[in-house]
Amino acid sequence: MKGVVDSMLDSRWQKQRYHAREELLDIGSVLEDVRLTIAPQIIESAAEITTDFKISEITFVRRKLRSILYNLLNNAIKYTSNGVKPIIKITTEKIDGYIVISVSDNGIGISEEAIQHIFSKFQRIKTNVEGSGVGLYLVHTIVTTSGGKIKIDSSEGKGAVFQVFLTLHNQDKL
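Here's what the structure looks like:
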């Protein structure tokens, strides 16, 4: 009987150990981690990345915020015309109960028709760029399951702005 109880407790401990927990995060710190991860792409493309954070902290799951920033920043670099230096601006602000993280770029843009399908699993707008079509699907899933939403402002040839709205629950200090 003791062995069964120990096994159950150990199983419960393993589940909790890998269960992602929300914590107070510095958005700039998470962004810096993403920058280090994609440093080769940033250097190769000579990307210029600027930030303007009106809100710098958020209570969220670290790996989920990292995944959101990674996918949006990586796409902003990947989907820039050949020979064009990627110019990317990342901002944060508080709007109507949300922390809004905006990633704007000077990339190839997205047609209105493509925007309708961009968050579908395995959907790729351009097949001449390396990718699997799950990045924006993952971003959309993370954002919507946490009670947020995403808006896109783009047109072909004019770049894109992705606005990620994350709920401000547990953000009393902001």
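Under the working numbering, think of the first position of the sequence shown as 2, with each following residue one higher.
Each residue gets a CB set at the ideal place from its N, CA and C atoms; glycine is no exception.
Three-state class that DSSP yields for residue i in the structure shown
i, result
"V135", "coil"
"Q164", "strand"
"Y99", "strand"
"L26", "strand"
"E157", "coil"
"N129", "Bear in mind that the predicted position of N129 carries a pLDDT of just 49, short of 50, making it too unreliable to give a figure here."
"T146", "helix"
"I116", "helix"
Beta carbon of residue i nearer than 7 Å to that of residue j
i, j, result
"A161", "D106", "yes"
"F166", "V104", "no"
"I143", "K65", "yes"
"K55", "G110", "no"
"S57", "I89", "no"
"T52", "L25", "no"
"I50", "V140", "no"
"I78", "A48", "yes"
"Y138", "F120", "yes"
Cutoff 7 Å: residue i Cβ touching any chain D Cβ
i, result
"S57", "Among the chains in the structure shown there is no chain D, since it carries only a single protein chain."
Residue i - partner residues in DSSP beta bridges
i, result
"S1", "Residue coverage of the chain in this structure runs from 2 to 175, which leaves residue 1 outside it and unanswerable."
"F54", "T93"
"E49", "I88"
Boundaries of the beta strand (DSSP E) in which residue i is found, first to last residue
i, result
"I59", "58 to 62"
First through last residue of the alpha helix (DSSP H) which encompasses residue i
i, result
"L44", "Going by the sequence as given, residue 44 is Ile instead of Leu. First-last of the alpha helix (DSSP H) with I44: 40 to 46."
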